[in-house]
Amino acid sequence: MKGDYLGEFEEIVMLAAATLYDEAYGYAIQREITANSSRTPSLGAVHAALHRLESKGFLQSRLSEATTKRGGKKRRFFSLTSYGKRALETKRNLRESMWRKIPKIVFEDLE
Amino acid sequence: MDDNSAPQQPRWPLSLLRRLLVPAYVDEIEGDLQEVFEEKMSRYPAPIARLLYTLELLSFLRPSLLKPRAGHRRNTSDKFRYDLKIAFRVFARRKLFTGINITGLTIGITAFVLILSYVRFESSYDLQHPNASDLYRVTLSNDGGANTIAANHPAVAAAMVREYPEVEAFARVVDKKILFGSFVLSYHSPSGEVIRTNANDLKIYIAEASLLQMFDIDLTRGDPETALTEPATVVISESTAQRFFGKEDPLDKILKIDNKDPARVTGVFKDLPENTHLTFDMLISFATLGDWVNTIWIYPEFYNYVRLHPQANPEELERQFPQLIQKYMSEVIEEHQLDVEFGLQKVSDIHLKSSLGKEISANSSEETLYFLLIIAVFVIAIAMINFINLSTAKSMERAKEVGLKKVVGAQRSALIVQFLLESLLVNLLGVMLSMALLCALIHPFNELVGLQVLSMDLWSEGWIWQVLASILVLGGLLAGAYPALVLSQFRPVQVLKGKYHQSKWGTILRKGLVVLQFTISIALMAGTFLVYHQFSFMQNKEVGYNMHHNVVINAPVVISDTSVQAQMIHFKSELERQSGVNGITLTNDIPGKRLDFHNKVRRAGEARDNYPETYLIAVDHEFLPTYEMKLLAGRNYRSDEATPFFGESEPIHPVIINRTLSEILGFLAPEDAVGARIAFTNGPRERDSRIIGVVEDHHQQSLRQAFEPTLLYYPKHHYAMYMTVNINREDWGKTLRDMEKAYAKTFPNDPFNFFFLEDQVMRQYEADVRFGKICLLFSILAIFIASLGLFGLGAYMAQQKIKEVSIRKVLGADLIEVLMLIPRSLLQLILVAGLVSLPLVYFAGHQWLSNFAFRVDITIWIFILPVVCVMFVALLAILFQSIRVAYVNPANTLRSE
Numbered sequence: 004m005k006g007d008y009l010g011e012f013e014e015i016v017m018l019a020a021a022t023l024y025d026e027a028y029g030y031a032i033q034r035e036i037t038a039n040s041s042r043t044p045s046l047g048a049v050h051a052a053l054h055r056l057e058s059k060g061f062l063q064s065r066l067s068e069a070t071t072k073r074g075g076k077k078r079r080f081f082s083l084t085s086y087g088k089r090a091l092e093t094k095r096n097l098r099e100s101m102w103r104k105i106p107k108i109v110f111e112d113l114e
Numbered sequence: 033m034d035d036n037s038a039p040q041q042p043r044w045p046l047s048l049l050r051r052l053l054v055p056a057y058v059d060e061i062e063g064d065l066q067e068v069f070e071e072k073m074s075r076y077p078a079p080i081a082r083l084l085y086t087l088e089l090l091s092f093l094r095p096s097l098l099k100p101r102a103g104h105r106r107n108t109s110d111k112f113r114y115d116l117k118i119a120f121r122v123f124a125r126r127k128l129f130t131g132i133n134i135t136g137l138t139i140g141i142t143a144f145v146l147i148l149s150y151v152r153f154e155s156s157y158d159l160q161h162p163n164a165s166d167l168y169r170v171t172l173s174n175d176g177g178a179n180t181i182a183a184n185h186p187a188v189a190a191a192m193v194r195e196y197p198e199v200e201a202f203a204r205v206v207d208k209k210i211l212f213g214s215f216v217l218s219y220h221s222p223s224g225e226v227i228r229t230n231a232n233d234l235k236i237y238i239a240e241a242s243l244l245q246m247f248d249i250d251l252t253r254g255d256p257e258t259a260l261t262e263p264a265t266v267v268i269s270e271s272t273a274q275r276f277f278g279k280e281d282p283l284d285k286i287l288k289i290d291n292k293d294p295a296r297v298t299g300v301f302k303d304l305p306e307n308t309h310l311t312f313d314m315l316i317s318f319a320t321l322g323d324w325v326n327t328i329w330i331y332p333e334f335y336n337y338v339r340l341h342p343q344a345n346p347e348e349l350e351r352q353f354p355q356l357i358q359k360y361m362s363e364v365i366e367e368h369q370l371d372v373e374f375g376l377q378k379v380s381d382i383h384l385k386s387s388l389g390k391e392i393s394a395n396s397s398e399e400t401l402y403f404l405l406i407i408a409v410f411v412i413a414i415a416m417i418n419f420i421n422l423s424t425a426k427s428m429e430r431a432k433e434v435g436l437k438k439v440v441g442a443q444r445s446a447l448i449v450q451f452l453l454e455s456l457l458v459n460l461l462g463v464m465l466s467m468a469l470l471c472a473l474i475h476p477f478n479e480l481v482g483l484q485v486l487s488m489d490l491w492s493e494g495w496i497w498q499v500l501a502s503i504l505v506l507g508g509l510l511a512g513a514y515p516a517l518v519l520s521q522f523r524p525v526q527v528l529k530g531k532y533h534q535s536k537w538g539t540i541l542r543k544g545l546v547v548l549q550f551t552i553s554i555a556l557m558a559g560t561f562l563v564y565h566q567f568s569f570m571q572n573k574e575v576g577y578n579m580h581h582n583v584v585i586n587a588p589v590v591i592s593d594t595s596v597q598a599q600m601i602h603f604k605s606e607l608e609r610q611s612g613v614n615g616i617t618l619t620n621d622i623p624g625k626r627l628d629f630h631n632k633v634r635r636a637g638e639a640r641d642n643y644p645e646t647y648l649i650a651v652d653h654e655f656l657p658t659y660e661m662k663l664l665a666g667r668n669y670r671s672d673e674a675t676p677f678f679g680e681s682e683p684i685h686p687v688i689i690n691r692t693l694s695e696i697l698g699f700l701a702p703e704d705a706v707g708a709r710i711a712f713t714n715g716p717r718e719r720d721s722r723i724i725g726v727v728e729d730h731h732q733q734s735l736r737q738a739f740e741p742t743l744l745y746y747p748k749h750h751y752a753m754y755m756t757v758n759i760n761r762e763d764w765g766k767t768l769r770d771m772e773k774a775y776a777k778t779f780p781n782d783p784f785n786f787f788f789l790e791d792q793v794m795r796q797y798e799a800d801v802r803f804g805k806i807c808l809l810f811s812i813l814a815i816f817i818a819s820l821g822l823f824g825l826g827a828y829m830a831q832q833k834i835k836e837v838s839i840r841k842v843l844g845a846d847l848i849e850v851l852m853l854i855p856r857s858l859l860q861l862i863l864v865a866g867l868v869s870l871p872l873v874y875f876a877g878h879q880w881l882s883n884f885a886f887r888v889d890i891t892i893w894i895f896i897l898p899v900v901c902v903m904f905v906a907l908l909a910i911l912f913q914s915i916r917v918a919y920v921n922p923a924n925t926l927r928s929e
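From first to last, the protein sequence lines are chains A and B. 4 is the number of the first residue of the first sequence in this note's numbering; add one for each residue after it. 33 is the number of the first residue of the second sequence in this note's numbering; add one for each residue after it.
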């Protein structure tokens, strides 16, 4: 499991974290994913993925100050490490280079 | 929680999370959940929101977010893994011992399961019916319970339903042979084709429609409500339907009895399972018989089944039977001087517990099953003993391991767990291998026992897994317990110093177990010898008539056709002209089976209350010569001595009786009987008769039965079911072909149907032969496993003595002397085992032999032979090891010390 492999769900979680930039904590990320795709991951799954990604070194986290909201509980904000950014980029490059290689004719009949 | 007016989250899920999750994560997760809750509350009514919230919360229960398990548990799993590793290393190091253990266990478990499945099958008879526990058969005794028969009068069950509210339903069944004799069944297809079969090839009963419901017989075609209710209707099995109609729809097709009487097929049932006492291919409706049967109280040929109310007490009911008998049968009792008793017999008990007169099919005995179960337990016990013996014997090798482990802090309990684990593992391997073996043995085993006992469905049945699991656990723990206790008790200080002795007690125990193994092996072997001895005695003893040269032809009897008699005589004279035929007789029964007819007989002038029973055979004047039976006194019939049995004036019938009947009738010598007047009941009345001859007893049935009183009479209008032809053994094939040709010419509409009398006689021993084979197989297995263990022990003992042998060799001992060193103690053990098994075998054998009217004696050879055999096998196993040790160069073993 461990290592530098980035699973599909993990990638989406990271993309969501990147989108939210400074406001990326568990519940916000879940909402972000729900907003962008048709699926609603469970909050537990999101949290598990976040902690897994952190232990792999793709994400880092910091705790916010306690506020009166949320029953006085702190938030853990996640942000991408440079290693994480590179992993996302690699993945994107791989995709794009492969997309480019697909002959046009393959998708022509869709139009 | 700062705002009291805000709706509260459900409490318990949160506290659950706090308890289970990684503490570092709890805070942030709770915060997130608070937001979730607020959001849900804003969108849904409170109960739904709470539910959604709780579901979301439960999604946190995943391994990566949970607290790791407590520290000491993880240690256990490490130890477990380590123990496994050690176990496999030990197995690999001691390939021979592990191999012996696993092989023994595999065979033992396989044998155990095979026997168990056979026993289960045998005890499953007639349990498949929906009300199996409420079904009873009404039995009959005419002599106050001394002889009980399975059949009863046709009016009985109907009267019971009338008289007793707790009798809910009844069904009567009668063998078609009793009422119709033999007949030919044929089907004339629309295309003009005729399919014929002799009805003796099929099991046909006349039965009431209620039987279908009572015995849960599934009609695949036809209406169970109306099938079999009208006269001249039949239901047939699927395979019978196939036989006559092929792929055509059998419903409402007409089968012809003797080419004329039509019988309409009103239903088709699935072929019956093997585990029922009443199997049939065809049922003829009871209504066919007409009403007369309902009032008949003196025709004990009908099987009366009743279904009781589930709460009814059968004993209570039985106590009321005398009143019923008094009410309906007083006249009959008065006339025939009977002491009538009825009994209730559970249908599901019939196969194992019933061996009455007129049983429908040959039943098994519980005793046989117990015997087999004992063998099963023995076989598996021997395998377990192997394991115990080999493990404790080899315990020295583990002593250092145990010592060292204890030094570094292992507790005894941990060591016990380790050794139990090893034992479980060996058992597990044994169980898995025997599962594979069982799959392979399904077909051969069915073949051996002649029943469809096993199939792949075995694995979908619960019991097999229970049995295997209990063998695994019980075997693993019981057999593993002693070695584990022994191995774990070594004291580290002594062991590591190199001082260890095996306890005296351990050696005695091991010897005791070996003696036990051999006692079992010898007893099984002796038992098998005895069984074989008895069976070969039964099959080879002179039966008292010639069975080797006789071919029996099923007579083509068409009841109402009077021309048959003439045709038979014509056919007979045709055959008599053939050179290969020595003699022909027409009879209504033959030896090699239970006689169908029996009735009362008494000496003329003797009181009627002294009324013995005798079997009856209708014969002709050629019966005695054809069967080569020996006349003790008097003479055979002359050809003109046939007497009419119908009509007003009857002559005095000349009869021939056998020795047993002459003794029963009170004649001191056979000669005294000749000329004496007797009366025997046949049909509705007594027949006055005179004895003209007395023949030597013959074994009508198997040698289990004592000689039976038999009376031969010679009726004029002969209703012959069998034609027995005594043929020359030379060129019998041609004789048979000629007979068939002559038969086809005389009876163009009847199939030629014959069998060799010898086959018929031997068929009685089929079950015995099978039982013998099973005994033989499993006792060989037992001895094999025991020898395997011995082989292992021998190897161990040889190893132990290797230094002694070497020193002796150095000092000049010769090879033989050294060779004898190891086996001597072993031979003593075998002798002890022989002595222990002697009384066991004697009493068990005596008990078993008492089932047979004619039996062998238990001779001393029964004991000597197995002991010698076991010694031989044991010596072979040991000698192999001894020789290896004896040839070792002393220099190699003595160098290191």
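Even for Gly, the Cβ is constructed at its ideal location relative to N, Cα and C. Keep in mind that this is a model prediction, so the values were computed, not measured.
Exercise. Going straight from the alpha carbon of B:V300 to that of B:L251, what length do you get?
Worked result: In the second sequence, the residue the question calls residue 300 of chain B occupies position 268. In the second sequence, the residue the question calls residue 251 of chain B occupies position 219. Inter-residue distance for B:V300 and B:L251 is about 5 Å (C-alpha atoms, whole angstroms).
Exercise. What's the gap between the Cα of B:I601 and the Cα of B:K766?
Worked result: Here residue 601 of chain B refers to the residue found at position 569 when the second sequence is read from its first residue. Here residue 766 of chain B refers to the residue found at position 734 when the second sequence is read from its first residue. So the alpha carbons of these two residues sit roughly 22 Å apart.
Problem set entry | Extent of the continuous beta strand (DSSP E) to which B:G765 belongs | Here residue 765 of chain B corresponds to residue number 733 of the second sequence, with the count starting at 1. That residue, B:G765, is in no beta strand (DSSP E); its alpha helix (DSSP H) goes W764 to T778.
For this session: Look up B:G698 in the DSSP assignment and say whether it is helix, strand or coil.
Result: Your numbering for residue 698 of chain B matches position 666 in the second sequence. It is coil, neither helix nor strand.
Exercise. In three-state terms, what does DSSP make of B:Q913?
Worked result: Position 881 of the second sequence, counting from 1, holds the residue named residue 913 of chain B. Secondary structure at B:Q913: helix, using DSSP grouped into helix, strand and coil.
Problem set entry | N-terminal and C-terminal residue of the alpha helix (DSSP H) that B:Y402 is part of | Counting from 1 along the second sequence, the entry for residue 402 of chain B is found at position 370. Counting along the chain, the alpha helix (DSSP H) containing B:Y402 begins and ends at E398 to A425.
For this session: Buried or exposed for B:S380, please, with buried defined as at least 16 other CB atoms from any protein chain shown within 10 angstroms of its CB.
Result: Locating residue 380 of chain B in the second sequence gives position 348, counting from the first residue. Looking at its Cβ environment, which holds 16 or more other Cβ atoms inside 10 Å, B:S380 is buried.
Problem set entry | Completely contained alpha helix (DSSP H) runs for the stretch 550-616 of chain B, where each covers 4 or more residues | Counting only unbroken stretches of 4 or more residues, the alpha helix (DSSP H) elements lying wholly within the stretch 550-616 of chain B are 595-608, in sequence order.
For this session: Identify each residue in the stretch 39-52 of chain A for which the Cβ-Cβ distance to at least one residue of chain B is less than 7 Å, and report them in chain order.
Result: Residues of the stretch 39-52 of chain A with a C-beta atom less than 7 Å from some C-beta of chain B are S45, L46, G47, A48, H50 and A51, listed in chain order.
Problem set entry | CB contact check: A:G29 to chain B, cutoff 8 Å | Here the question's residue 29 of chain A lines up with position 26 in the first sequence. By this cut-off, A:G29 is an interface position.
Exercise. How many Å lie between B:P186 and B:V499 at the Cα?
Worked result: Translated into the one-based positions of the second sequence, residue 186 of chain B becomes position 154. Translated into the one-based positions of the second sequence, residue 499 of chain B becomes position 467. For B:P186 and B:V499, the distance between alpha carbons rounds to 46 Å.
For this session: Quick one: residues in its chain with C-beta nearer than 7 Å to the C-beta of B:A932, no 5 flanking neighbours on either side, listed in chain order?
Result: Summary: the structure shown does not reach residue 932 of chain B, with chain B confined to residues 33 through 929, and so no result is reported for it.
For this session: Could you give the DSSP three-state label for B:G177: helix, strand or coil?
Result: For the purposes of this step, residue 177 of chain B is taken as residue 145 along the second sequence, with counting starting at 1. B:G177: coil per DSSP, three-state reduction.
Exercise. Under the three-state reduction of DSSP, which class applies to A:E68: helix, strand or coil?
Worked result: Taking the first residue of the first sequence as position 1, residue 68 of chain A is located at position 65. A:E68 falls in the coil class under three-state DSSP.
Exercise. Within 10 angstroms of its Cβ, does B:R113 collect 16 or more other Cβ (buried), or is it exposed?
Worked result: By one-based count along the second sequence, residue 113 of chain B stands at place 81. Burial state of B:R113 is exposed, judged by a 10 Å Cβ sphere holding fewer than 16 other Cβ atoms.
Exercise. Would you call the CB atoms of B:I268 and B:L321 closer than 8 Å?
Worked result: Taking the first residue of the second sequence as 1, we reach residue 268 of chain B at position 236. Taking the first residue of the second sequence as 1, we reach residue 321 of chain B at position 289. Result no, Cβ atoms of B:I268 and B:L321 do not sit closer than 8 Å.
For this session: Report yes or no: is there a C-beta of chain A within less than 8 Å of the C-beta of B:S47?
Result: Indexing the second sequence from 1 puts residue 47 of chain B at position 15. Any Cβ of chain A closer than 8 Å to the Cβ of B:S47 would place that residue at the interface, and such an atom is absent.
For this session: Would you mind telling me which residues of chain A sit closer than 7 Å to B:R94, beta carbon to beta carbon, in chain order?
Result: Taking the first residue of the second sequence as position 1, residue 94 of chain B is located at position 62. Within 7 Å Cβ-Cβ: G47 and A51.
For this session: Output yes if chain A places a C-beta closer than 8 Å to the C-beta of B:Y114; else output no.
Result: As a working mapping, residue 114 of chain B is identified with position 82 in the second sequence. Answer no: the Cβ-Cβ gap between B:Y114 and chain A never drops below 8 Å.
Exercise. Pick from B:G544, B:F629 and B:S91: whose alpha carbon is nearest that of B:L48?
Worked result: Residue 48 of chain B sits at position 16 when you count from the first residue of the second sequence. The option with the nearest alpha carbon to B:L48 is B:S91.
For this session: Express the C-alpha separation of B:D248 and B:Q160 in angstroms, rounding to a whole number.
Result: Translated into positions along the second sequence, residue 160 of chain B becomes position 128. Translated into positions along the second sequence, residue 248 of chain B becomes position 216. Roughly 8 Å between the two C-alpha positions.
Exercise. Hey, quick one: how far does the alpha helix (DSSP H) through B:Y196 stretch, first residue to last?
Worked result: For this step, residue 196 of chain B is matched to residue 164 along the second sequence. It is not in any alpha helix (DSSP H) - B:Y196 carries neither H nor E in the DSSP assignment.
For this session: Report yes or no: do the stretch 514-521 of chain B and the stretch 384-398 of chain B share at least 3 C-beta pairs separated by less than 8 Å?
Result: Not touching, per the Cβ criterion.
Exercise. Which of the residues in the stretch 50-74 of chain B, read from start to end, lie with their CB under 8 Å from any CB of chain A?
Worked result: Answer in chain order: Y57, D59, E60, I61, E62, G63, D64, L65, Q66, E67 and V68.
Exercise. Is it right to say B:P898 is buried, meaning 16 or more other beta carbons lie within 10 angstroms of its own, or is it exposed?
Worked result: Numbered from its first residue, the second sequence carries residue 898 of chain B at position 866. Buried, by the Cβ-count rule.
Exercise. Relative to the C-alpha of B:E790, which residue among B:Y360, B:F312, B:G576 and B:S96 is closest?
Worked result: Working through the second sequence from its first residue, we reach residue 790 of chain B at position 758. Closest in C-alpha terms to B:E790, from the list B:Y360, B:F312, B:G576 and B:S96, comes B:G576.
Exercise. What number of angstroms, rounded off, separates the C-alpha of B:P197 from the C-alpha of B:R634?
Worked result: Here residue 197 of chain B is taken as the residue at index 165 of the second sequence, counted from 1. Here residue 634 of chain B is taken as the residue at index 602 of the second sequence, counted from 1. Each residue's alpha carbon lies about 41 Å from the other.
Problem set entry | Coil, strand or helix - B:G103 by DSSP | Against the second sequence, residue 103 of chain B aligns to sequence position 71. The predicted model places B:G103 with a pLDDT of 47, which falls under 50 and marks its position as unreliable, so this point remains unresolved.
For this session: Return the first residue and the last residue of the alpha helix (DSSP H) that B:A164 is part of.
Result: As a working mapping, residue 164 of chain B is identified with position 132 in the second sequence. No residue range can be given for B:A164, since it is assigned to no alpha helix (DSSP H) and is classified by DSSP as neither H nor E.
Exercise. How about B:K111 and B:A446: do their beta carbons lie closer than 8 Å?
Worked result: Along the second sequence, read from residue 1 onward, the residue named residue 111 of chain B stands at position 79. Along the second sequence, read from residue 1 onward, the residue named residue 446 of chain B stands at position 414. Going by C-beta atoms, B:K111 is nearer than 8 Å to B:A446.
For this session: Taking C-beta pairs closer than 9 Å, name the residues in chain B that A:K107 reaches, listed in chain order.
Result: Here residue 107 of chain A refers to the residue found at position 104 of the first sequence. The premise fails here: A:K107 is roughly 43 Å from chain B at the closest Cβ pair, so nothing lies under 9 Å.
For this session: Could you check how far apart the C-beta atoms of B:R691 and B:E728 are, in whole angstroms? I think they sit under 8 Å.
Result: Here residue 691 of chain B is taken as the residue at index 659 of the second sequence, counted from 1. Here residue 728 of chain B is taken as the residue at index 696 of the second sequence, counted from 1. With a contact defined as Cβ atoms closer than 8 Å, B:R691 and B:E728 qualify at about 6 Å.
Problem set entry | Interface residues of chain A facing B:L858 [CB-CB closer than 9 Å] | For the purposes of this step, residue 858 of chain B is taken as residue 826 along the second sequence, with counting starting at 1. Simply none; closest approach about 59 Å.
Exercise. Are the Cβ atoms of B:I382 and B:L545 separated by less than 8 Å?
Worked result: For the purposes of this step, residue 382 of chain B is taken as residue 350 along the second sequence, with counting starting at 1. For the purposes of this step, residue 545 of chain B is taken as residue 513 along the second sequence, with counting starting at 1. Contact: no.
Exercise. For B:E257 versus B:R204, is the C-beta distance shorter than 8 Å?
Worked result: As a working note, residue 257 of chain B is residue 225 in the second sequence. As a working note, residue 204 of chain B is residue 172 in the second sequence. Their beta carbons are not under 8 Å apart, which means B:E257 does not touch B:R204 by this criterion.
Exercise. For A:G87 and chain B, any beta-carbon pair shorter than 8 Å?
Worked result: Counting from one through the first sequence, the residue named residue 87 of chain A turns up at place 84. With 8 Å as the cut-off, A:G87 does not count as an interface residue toward chain B.
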